[in-house]
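*Asks:* Let me give you the structure first, and then I'll get to my questions.
2 protein chains.
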Amino acid sequence: MKQLEERIKKDGRVLGDDILKVDAFLNHQIDPDLLLAIGAAFAQQFQDERIDKILTVESSGIAPAVFAGLALHVPVVFARKNKSLTLPDGVWTADVYSYTKQTTNHVMIDQRFLGAGERVLIIDDFLANGQAVVGLLDIIDQAQAVAVGAGIVIEKSFQKGRQLLDARGLPVVSLARIKAFRDGQVEFES
Amino acid sequence: MKQLEERIKKDGRVLGDDILKVDAFLNHQIDPDLLLAIGAAFAQQFQDERIDKILTVESSGIAPAVFAGLALHVPVVFARKNKSLTLPDGVWTADVYSYTKQTTNHVMIDQRFLGAGERVLIIDDFLANGQAVVGLLDIIDQAQAVAVGAGIVIEKSFQKGRQLLDARGLPVVSLARIKAFRDGQVEFES
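Just so you know, the sequences run in chain order A and B.
Quick note: the first sequence uses UniProt numbering, first residue 1, plus one each step.
Quick note: the second sequence uses UniProt numbering, first residue 1, plus one each step.
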């Protein structure tokens, strides 16, 4: 997606070897017009998949997910990170390890909002090591729903997430695919 | 907002004396078409206020805020809840006490995304005791920005938040105002 790549070049900040900060327009400050275009791009890619529901994780996944939901006219469910030690009743749950923060989050979804046979599109802001998507796949399995694919705003292709999801046979559509960071600049896959 | 009141009657669940669960369409599962209408309603109410930026708190505020941002064509910033004990540099921060959870969250915004003189609209999903809005007002003060008003999806008028914000002279627009819960039913202000 050209508009997104241009925006990453303009407002993204590369920190070290593998971190890209896009907090100016995607996951702290949000540009709603860009997100509308992102949602429309996801909808176009998955329009033939008879999506029933979109699934994401709080907080950074919510904005791209709701705009994809708007374009596809389907409900969006965001998994909540559970901070308490006790688990409420009636939830699907999974552990998500964050390599960046080196912490494990327990994410959960109320069972009322995901049911057997529902065709689910996963949306997230970043694909790096793939742990968030794998956690959502676990939840989709528990609910006996069907994972149709994953729509990712920014993929870091040099990390292992894409390979992991390919191995599970999940179709992945990333709107910007980053091959490498070189001298503080972003190199996209061509 | 008639459409919202109808939806609360249909899909909201009253628990005890003062809790309304709207996780079926607002803050866990989200109906994007309803949220689009909510965003448009906020934009209409504040269209003459020359809003520069919308401010909210993760996670439940994000969806109504981005749709208001879409309708007003302005950036949206969501305050992050800071879980670590150390505070990063260059942030505005405030404490937000939650009466429901009886915990204090430290919320923060990168100083790059809120500056002196900016005209800010606060958006949130609920107004109950008003602590989240007061925290955002503190941050707006620190940044020497201008709080133009608050747009609230659902206000529980019988709790003290509205009074608190009226006393501070902040214009508050709530799309649904709940007067009381009676026998598990919602009574709206007329």
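Beta carbons are placed, not taken as given, at the ideal position from N, Cα and C, and that holds for glycine.
What residue does the alpha helix (DSSP H) around residue 6/B start on, and which one ends it?
*Replies:* Numbered from its first residue, the second sequence carries residue 6/B at position 6. Start and end: 2-11.
*Asks:* Using only CA atoms, which one of 133/A, 153/A, 175/A, 149/A lies nearest to residue 160/A?
*Replies:* As a working note, residue 160/A is residue 160 in the first sequence. When each option's Cα is compared against that of residue 160/A, the closest is 133/A.
*Asks:* Tell me which residues of the region 141-161 of chain A have at least one Cβ-Cβ distance to chain B shorter than 7 Å, keeping chain order.
*Replies:* Listed by position, the residues of the region 141-161 of chain A near chain B (Cβ gap below 7 Å) amount to none.
*Asks:* Which whole runs of the beta strand (DSSP E) in the UniProt domain "Phosphoribosyltransferase" (32-157) of chain B are 3 residues long or more, in chain order?
*Replies:* Fully enclosed beta strand (DSSP E) runs of 3 or longer: 53-57, 76-82, 91-98, 103-110, 119-127, 146-156.
*Asks:* Using a Cβ-Cβ distance under 7 Å, would residue 174/A count as near chain B?
*Replies:* One-based indexing of the first sequence puts residue 174/A at position 174. No, its Cβ sits nowhere closer than 7 Å to a Cβ of chain B.
*Asks:* Could you tell me if residue 19/A is buried or exposed, where buried requires 16 or more neighbouring beta carbons within 10 angstroms of its beta carbon?
*Replies:* Residue mapping note: residue 19/A aligns to position 19 of the first sequence, counting from 1. Its Cβ having fewer than 16 others within 10 Å, residue 19/A is exposed.
*Asks:* Label residue 131/B either buried or exposed according to how many other C-beta atoms from any shown protein chain fall within 10 Å of its C-beta, with 16 as the threshold for buried.
*Replies:* Counted from its first residue, the second sequence places residue 131/B at position 131. Buried, because 16 or more other Cβ atoms sit within 10 Å of the Cβ of residue 131/B.
*Asks:* Do residue 177/B and residue 190/B come within 7 Å of each other at the CB atom, strictly closer than that value?
*Replies:* As a first step, residue 190/B is located in the second sequence; it is residue number 190 there, counting from the start. As a first step, residue 177/B is located in the second sequence; it is residue number 177 there, counting from the start. It is not a contact, given that the beta carbons lie outside the stated cut-off.
*Asks:* Can you find a CB in chain B that lies within less than 7 Å of the CB of residue 64/A?
*Replies:* Position 64 of the first sequence holds residue 64/A. So, not an interface residue.
*Asks:* On the criterion of 16 or more Cβ atoms from any shown chain inside 10 Å, does residue 28/B qualify as buried, or is it exposed?
*Replies:* Here the question's residue 28/B lines up with position 28 in the second sequence. Its Cβ being crowded by 16 or more others within 10 Å, residue 28/B is buried.
*Asks:* Kindly indicate if chain A contains any beta-carbon less than 7 Å away from that of residue 31/B.
*Replies:* Counting from 1 along the second sequence, the entry for residue 31/B is found at position 31. Taking Cβ atoms only, chain A reaches closer than 7 Å to residue 31/B, which makes this a yes.
*Asks:* Between residue 71/A and the rest of its own chain, which residues show a CB-CB distance below 6 Å, the 5 nearest in sequence each way excluded?
*Replies:* Residue numbering aside, residue 71/A sits at position 71 when the first sequence is read from its first letter. These residues qualify, in order along the chain: 39, 40, 43.
*Asks:* With distances taken from CA atoms, which of 22/B, 151/B, 51/B, 106/B is nearest residue 77/A?
*Replies:* On the first sequence, residue 77/A is found 77 positions in, with the first residue counted as 1. For residue 77/A, the nearest C-alpha among the options comes from 22/B.
*Asks:* If we ignore side chains and look at the alpha-carbon of each, how far apart do residue 56/A and residue 49/B end up?
*Replies:* On the first sequence, residue 56/A is found 56 positions in, with the first residue counted as 1. On the second sequence, residue 49/B is found 49 positions in, with the first residue counted as 1. Computed Cα separation, rounded: 34 Å.
*Asks:* Taking a contact to mean a Cβ-Cβ separation below 7 Å, would you say residue 184/B touches residue 14/B in this structure?
*Replies:* Against the second sequence, residue 184/B aligns to sequence position 184. Against the second sequence, residue 14/B aligns to sequence position 14. Yes. Within cutoff.
*Asks:* Would you kindly report the start and end of the unbroken alpha helix (DSSP H) that includes residue 185/B?
*Replies:* Locating residue 185/B in the second sequence gives position 185, where the first residue counts as 1. That residue, residue 185/B, is in no alpha helix (DSSP H); its beta strand (DSSP E) goes 185-188.
*Asks:* Where do the ends of the beta strand (DSSP E) carrying residue 180/B lie?
*Replies:* The residue given as residue 180/B occupies position 180 in the second sequence. Where residue 180/B is concerned, the enclosing beta strand (DSSP E) stretches over 172-182.
*Asks:* For the pair the region 106-121 of chain A and the region 136-149 of chain A, tell me if three or more CB-CB distances fall below 8 Å.
*Replies:* With the cut-off at 8 Å, the region 106-121 of chain A and the region 136-149 of chain A touch.
*Asks:* Per DSSP, residue 21/A is paired with what?
*Replies:* The count along the first sequence starts at 1 and reaches residue 21/A at position 21. Answer is 13/A, bridged to residue 21/A.
*Asks:* For residue 45/A and residue 171/A, I'd like the C-alpha separation in whole angstroms.
*Replies:* For the purposes of this step, residue 45/A is identified with residue 45 of the first sequence, where counting begins at 1. For the purposes of this step, residue 171/A is identified with residue 171 of the first sequence, where counting begins at 1. One C-alpha to the other measures close to 11 Å.
*Asks:* When we look at the beta-carbon of residue 98/B and count the other beta-carbons within 10 Å, is it buried (16 or more) or exposed?
*Replies:* Counted from its first residue, the second sequence places residue 98/B at position 98. By the neighbour-count rule (16 or more Cβ atoms within 10 Å), residue 98/B is not buried but exposed.
*Asks:* Find the residues of chain A that neighbour residue 14/B, judging by a C-beta separation of less than 9 Å, and give them in chain order.
*Replies:* Position 14 of the second sequence, counted from the start, is the residue given in the question as residue 14/B. In chain order: nothing, as chain A lies at least about 16 Å away.
*Asks:* Judging by CA-CA distance, which residue of 9/B, 127/B, 80/B, 118/B is the nearest neighbour of residue 164/B?
*Replies:* Counted from its first residue, the second sequence places residue 164/B at position 164. With distances taken between Cα atoms, residue 164/B lies closest to 127/B.
*Asks:* Taking the alpha-carbon positions, what's the residue 89/A to residue 81/A distance?
*Replies:* Here residue 89/A is taken as the residue at index 89 of the first sequence, counted from 1. Here residue 81/A is taken as the residue at index 81 of the first sequence, counted from 1. Looking at the two C-alpha atoms, the distance is approximately 15 Å.
*Asks:* Going by C-alpha to C-alpha distance, which of 181/B, 116/B, 129/B sits closest to residue 53/B?
*Replies:* Within the second sequence, numbered from 1, the residue matching residue 53/B stands at position 53. Residue 116/B is the option with its Cα nearest to residue 53/B.
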